[in-house]
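Q:
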Amino acid sequence: MNVLVLWNELSENWLISFIHKCIIIFFVFGIIMIIVRWNNLPPQVPLWYSRPWGKEQLAHPMWLYMLPMGGLLIYGINTGISLFFLHAYPIFTRVLFLSSLLVNLLCLLTLINILLLIT
4 MNVLVLWNEL
14 SENWLISFIH
24 KCIIIFFVFG
34 IIMIIVRWNN
44 LPPQVPLWYS
54 RPWGKEQLAH
64 PMWLYMLPMG
74 GLLIYGINTG
84 ISLFFLHAYP
94 IFTRVLFLSS
104 LLVNLLCLLT
114 LINILLLIT
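This is the structure we're talking about:
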């Protein structure tokens, strides 16, 4: 089946359409927050919280773009998988989109937490 036809079928669902809009808003808001706060950022920002405390947790501020981009990547992967399973498992499709929303929300909250911590 044509990918565009499947995409239109996905977009007709109100939940998936809402999730599309939320993810786009989260992505744009995250990028804008980084750009607005860029001049106030120190040379190193805390990002790698799983590493031991100290210099090992610090990263160049450019790595902050990884959070919104990573969320968008997860969304893209889940969308591709959803297009493949749309007709066979419609509930699985919704679960994938809800997980994408959750990942993007957590990425945005992490970014906000880091930016408020250091500026």
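The working numbering numbers the first residue of the sequence shown as 4 and each following residue consecutively.
Glycine included, every Cβ here is placed at the ideal spot set by N, Cα and C.
(1) So, helix, strand or coil for Pro-45, using DSSP?
(2) Which value, in whole angstroms, describes the spacing of the CA atoms of Ile-37 and Trp-56?
(3) In terms of alpha-carbon separation, which member of His-63, Leu-112, Lys-58, Leu-101 lies closest to Trp-17?
(4) Going by DSSP, name the residue or residues bridged to Leu-112.
(5) Kindly indicate which three-state DSSP category Leu-104 falls into: helix, strand or coil?
(6) Output the boundary residues of the alpha helix (DSSP H) element that contains Gly-57.
(7) For the alpha helix (DSSP H) holding Pro-64, just list the boundary residues, first then last.
(8) Using a Cβ-Cβ cutoff of less than 7 Å, which residues in the same chain neighbour Leu-104 once the five nearest sequence positions on both sides are dropped?
A: This is what the structure holds:
(1) coil
(2) 24 Å
(3) Leu-101
(4) Paired residues: none, contrary to the question.
(5) The three-state reading of DSSP puts Leu-104 in helix, counting H, G and I together.
(6) Run containing Gly-57: none; DSSP gives neither H nor E here.
(7) First-last for Pro-64: undefined, no H or E at that position.
(8) Ile-22, Cys-25, Ile-26
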